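Residue numbers (the UniProt record's numbering): 1 to 165.
Positions of the beta carbon are idealized from the N, C-alpha and C atoms, including for glycine.
From a predicted model like this one, the values you see are computed outputs, not experimental measurements.
Structure record follows, encoded as C-alpha cells.
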Amino acid sequence: MNIAVDSPARDDVRALLDEHLTEMRATSPEESVHALAPAALTAPTITFLTARSDETGALLGCGALSELAPGPGGHGEIKSMRTARSARGLGVATRLLGELLALAAERGYERVSLETGSEQFFAPARRIYTRHGFVECEPFADYVPDPNSVFMTFALPVPPPEGDR
C-alpha cells in the first residue's frame, strides 16, 4: 500500500468522496453532516492523503489533516477518512490514521481531534479511533453539542527538548 499526498479532484477520489457524502446524508440529519466536499479539501490548511494499491494503483482509501491551530502546541483535525468498499478489512484506515498522526507530530501539534457520527452506522469508525488512543471530548473548533455527533481527541506525545535528543 502506498500512502501519499494526493488531490481530492482526481476522478476516483471524487467518486469515493461523493459516496462518503451520500452515506453521511443518508445516515445523519443534514445539519449533523460535517464531511467536506472535495473542493473544500483543497484548502491550503488541509493535507489530503490517499492510500493506493502498490500493484495496481487502485484507490483504497483517503483521509485528511486540517490545521486548526498551527505550529508547536497546535491542533489538527482528521477529516474525510474513508475506505473503499473493496478494501475494507485490509488495514487501510489504520495505515492512513497512522500517517495523519505522524504528519501532525511532525508539525508539532499537541493534539488531533475529529467528529464522527453517534449512530450505529459509525460504530466501526469509533472503534478504530478508540483502539488507536482517541478519547471522547467536548466539541472543539466551531462544532457545537449535537446528539448525532461524537467528538474525539488524541494527545500527541511531546518530543523531548532539542538538547535532550
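Taking 7 Å as the cut-off, the beta carbon of Thr42 is found no closer than this to the beta carbon of Glu67. Beyond the five residues adjoining it in sequence on each side, Arg95 comes within less than 7 Å, by CB distance, of Met1, Ile3, Ala51 in the same chain, given in chain order. Between the alpha carbons of Gly133 and Phe154 lies a gap of roughly 6 Å. Pairing Asp12 with Cys62, the inter-Cα distance amounts to about 11 Å.
Cβ neighbours of Glu99 within its own chain (closer than 7 Å, five residues either side excluded): Ile3, Leu49. The DSSP assignment places complete alpha helix (DSSP H) segments of no fewer than 4 residues inside the UniProt domain "N-acetyltransferase" (11-157) at 11-27, 92-106, 123-131, in order along the chain.
When beta bridges are read from the DSSP output, Ala9 appears opposite no residue.
Residue environment for Gly73: exposed (fewer than 16 other C-beta atoms within 10 angstroms of its C-beta). The way I'd put it, the region 106-118 doesn't touch the region 82-91; fewer than three beta-carbon pairs between them come closer than 8 Å. Shortest Cα-Cα distance from Ile128 to any of Leu103, Thr83, Leu156, Asp146 involves Thr83. Looking at Ala9, Glu106, Phe122, the one whose alpha-carbon comes closest to that of Val33 is Phe122. One Cα belongs to Ser28, the other to Ala69, and the distance between them is close to 28 Å. Going by beta carbons, Leu103 and Leu65 fall inside the 7 Å limit. Ranked by how close their Cα comes to the Cα of Ala15, the residues Arg85, Glu110, Arg126 have Arg85 in first place. Cβ-Cβ distances below 7 Å link Leu36 to Lys79, Ser80 in the same chain, with the five nearest sequence neighbours on each side left out; the list follows chain order.
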